[in-house]
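Residues are numbered in the numbering used here as their position in the sequence shown, beginning at 1, plus a constant of 1.
Structure first, commentary second.
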Amino acid sequence: MAEEVQKHSVHTLVFRSLKRTHDMFVADHAKPLSQDEKSYQLKMNVKLRAEYGPVLHMPTQKEVREKAPQLPPALYGQPPRYAIEQGEDAEYTIAGTHPYPSGPGIALTEETRLQRTPSDAATQSLALTLPPSQTRQEASRTAASVADIHRHAGIAERVVPPGSSSAFLDGGGLKGSALMPKKASSMPKPQWHPPWKLYRVISGHLGWVRSIAVEPGNQWFVTGSADRTIKIWELATGKLKLSLTGHISTVRGVAVSSRSPYLFSCGEDKQIKCWDLEYNKVIRHYHGHLSAAYALDLHPTIDVLVTCGRDATARVWDIRTKANVHTLTGHTNTVADVKCQAVEPQIITGSHDCTVRLWDLAAGKSRVTLTNHKKSVRSVVLHPRQYTFASASPDNIKQWKFPDGVFFQNLSGHNAIINCLALNSDGVLVSGADNGTMHLWDWRTGYNFQRIHAAVQPGSLDSESGIFACAFDHSESRLITAEADKTIKLYKEDDTASEETHPINWKPEILKRKRF
């Protein structure tokens with residue numbers, strides 16, 4: 002038969018609980034127990050040796066003696082020797098007051114003798130003869146002269162970090178560079194860039210202009226549009242040279258090869274076409290995308306074409322054989338942009354799944370996935386000179402460093418759906434948005450030095466002012482934009498502007514991260 006559980010009143014249970022709580026925390030409030038002096042001294046000795054071991058027994062500055070006769074050097078070129086005390090060996094120095102408070106177990110007195118190596122003897126004796134009234138500048142000059150003494154004597158010179166000579170003998174002892182305060186970092190000032198102005202508007206397309214590419218010779222450029230045509234324009238005059246038809250839906254991407262007379266295009270009809278510009282006709286098709294193709298790029302050194310699209314993949318094609326070399330899978334939504342470079346990682350993609358991926362072309366696998374963005378990434382741009390790149394999203398434009406995608410800076414303020422990015426060698430970054438606004442940034446500091454909202458073509462609605470693509474020509478003196486009002490706009494730098502007429506209005510953010 003089970004035993005009956007003894008029942009207690011609530012009053013008893015409450016006070017029992019209070020008693021247990023009191024016993025548990027009594028040590029926090031009661032009078033502290035007397036500590037063992039020997040244990041405390043041992044603890045402090047260990048702590049001092051661990052934290053201040055390298056500088057625990059450094060020689061300290063002593064009061065100058067009334068007369069410290071200089072002894073003649075034994076050999077020519079050797080440092081002069083000073084007598085410290087009559088009858089005292091020069092290879093011993095006396096340590097006086099310690100620079101750090103001495104704890105239990107440490108007793109440094111005036112009679113404490115510390116043996117030094119023969120090579121340090123002359124230097125230490127010279128240091129001990131310094132008067133305590135010398136200024137910091139005199140101490141630094143003396144420190145420099147000590148190094149000279151070592152050098153002339155043939156003794157190996159000690160490596161002293163810059164700026165640490167002023168700490169020589171400061172505070173009653175020699176200090177290491179680790180104890181010196183670091184200089185506060187300062188934000189770099191942005192470089193001045195002239196403002197850009199609109200100088201030409203080109204009309205001719207019957208639909209939204211979605212893509213731009215400039216040919217390597219910088220004589221003409223090509224645009225793809227929602228009217229299913231590809232048009233080639235003279236860069237100098239803006240005149241139409243040629244129209245290519247063949248796509249049955251919007252042309253979303255174009256690229257001109259610098260290795261062969263080929264033009265590549267992709268569109269929402271899932272087709273990727275290779276055009277021979279000597280015959281102005283299609284010579285190859287690349288079949289494989291399961292949905293609309295949104296962007297393409299050519300590898301700069303290998304005959305390889307990379308395309309991406311709404312099927313959440315990027316595909317690598319052999320230009321000559323039309324073979325699908327790799328299908329880069331891993332994104333979970335539309336891949337909006339792709340860029341290629343000659344060094345690892347060779348392929349960079351931005352997707353509507355809010356990630357940027359860096360791909361190894363040889364293995365066909367993702368090396369790094371960058372998840373910093375909170376909204377869809379629609380454009381990626383590579384720096385033409387530095388080993389860096391930027392990605393654009395409605396939350397921020399983010400700058401990264403290759404090869405591991407280290408984030409180093411946000412460009413904030415363009416609060417819109419950013420469709421395109423362009424970057425030149427002078428460090429001018431251009432971002433074009435769905436609402437027709439275009440911001441120009443200084444790459445190094447992230448300073449937004451100009452904002453442009455060009456007027457739409459007469460007859461168009463104000464809502465039709467989106468910028469879908471932008472690119473610099475190869476001279477980097479002209480900027481081309483493709484817009485929703487069916488026009489192509491060309492910008493150039495304002496020659497009349499100067500730093501006086503357009504000053505830098507720079508207010509750095511307090512919490513901006515330091516650039517490496």
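Backbone N, C-alpha and C define an ideal beta-carbon position, used for all residues, glycine too.
Should the stretch 435-443 be regarded as contacting the stretch 406-415, the criterion being three or more beta carbon pairs within less than 8 Å? yes
Proximity of K253 and Y295 at Cβ, strictly below 9 Å: Rather than Lys, the amino acid found at residue 253 in this sequence is Arg. Yes, the Cβ-Cβ distance between R253 and Y295 is below 9 Å.
By Cβ distance below 6 Å, which residues in the same chain neighbour E501 in space, the five residues on each side in sequence not counted? none
Excluding five sequence neighbours on each side, which residues of the same chain lie with their C-beta closer than 6 Å to the C-beta of Y492? W197, L199, L480
So, using beta-carbon positions, are L329 and W318 closer together than 9 Å? no
Assign V47 to buried or exposed, taking buried as 16 or more other Cβ atoms, counted over all protein chains shown, within 10 Å of its Cβ. exposed
Is V369 helix, strand or coil by DSSP? strand
Does the Cβ-Cβ distance between V381 and S392 come in under 9 Å? yes
Just reading off the beta strand (DSSP E) that M45 is part of, what are its end residues? Where M45 is concerned, there is no enclosing beta strand (DSSP E), although the alpha helix (DSSP H) it sits in stretches over 38-53.
Could you say which of S478, A423, N506 lies nearest to D495 if we only look at CA atoms? S478
Do R445 and P191 have their CB atoms nearer than 9 Å? yes
Taking the C-alpha atoms as reference points, what is the distance between M188 and P509? 7 Å
Note down the Cα distance separating A343 from E216, rounded to an integer number of angstroms. 19 Å
Would you kindly check if the distance between the Cβ of V283 and the Cβ of K271 is under 9 Å? no
Would you mind reading off the limits of the beta strand (DSSP E) that contains E216? Here E216 belongs to no beta strand (DSSP E), and DSSP marks it neither H nor E.
Which residue or residues does DSSP assign as beta-bridge partners of I249? DSSP output for I249 lists no bridge partner at all.
Between A483 and I213, how many whole angstroms is the CB-CB distance? I'm expecting something under 8 Å. 5 Å
Would you please state the rounded distance, in angstroms, between the beta carbons of C267 and L297? I believe it to be under 8 Å. 5 Å
From this set, N281, V326, L362, which residue's C-alpha is nearest Y263's C-alpha? N281
Span of the beta strand (DSSP E) holding S261? First-last for S261: undefined, no H or E at that position.
Would you give the residue range spanned by the beta strand (DSSP E) that S432 belongs to? 429-434
Check the DSSP bridge columns for C471 and list the partner residues they point to. T482
Starting from the Cα of G433, find the closest Cα among S426, A455, M45, K375 and give me that residue. A455
Quick check: what's the CA-CA separation for D37 versus L49? 18 Å
If the criterion is Cβ atoms closer than 9 Å, does the pair H526 and L362 meet it? Any question about residue 526 goes unanswered here, given that the chain covers just 2 to 517.
Classify F265 as buried or exposed, calling it buried when 16 or more other Cβ atoms lie within 10 Å of its own Cβ. buried
So within the stretch 349-398, which uninterrupted alpha helix (DSSP H) runs reach at least 4 residues, ignoring any that extend past its ends? none
Between the Cα of D338 and those of F26, A313, H206, spot the shortest distance and give me the residue it belongs to. A313
I505: which of R311, K20, Q451 sits nearest, CA to CA? Q451
Look at the Cβ atom of R260, then the Cβ atom of Y287, and state whether they are nearer than 9 Å. no
Paired residues, beta bridge with H201 - DSSP: The amino acid occupying residue 201 in the given sequence is Arg; His does not appear at that position. In DSSP, R201 forms a bridge with L491.
Can you name the residues that DSSP bridges to R211? Answer is none; R211 lacks a bridge partner.
Simplified DSSP state of D277, which is helix, strand or coil: strand
By a C-beta neighbour count over all protein chains shown, 10 Å radius and 16 as the cutoff for buried, is L207 buried or exposed? exposed
By the 10 Å Cβ neighbour count, where 16 or more other Cβ atoms means buried, how is R17 classified, buried or exposed? exposed
Kindly list the residues whose CB is nearer than 8 Å to the CB of I418, restricted to its own chain and excluding five residues on each side of it in sequence; keep chain order. R379, P395, A434, D435, N436
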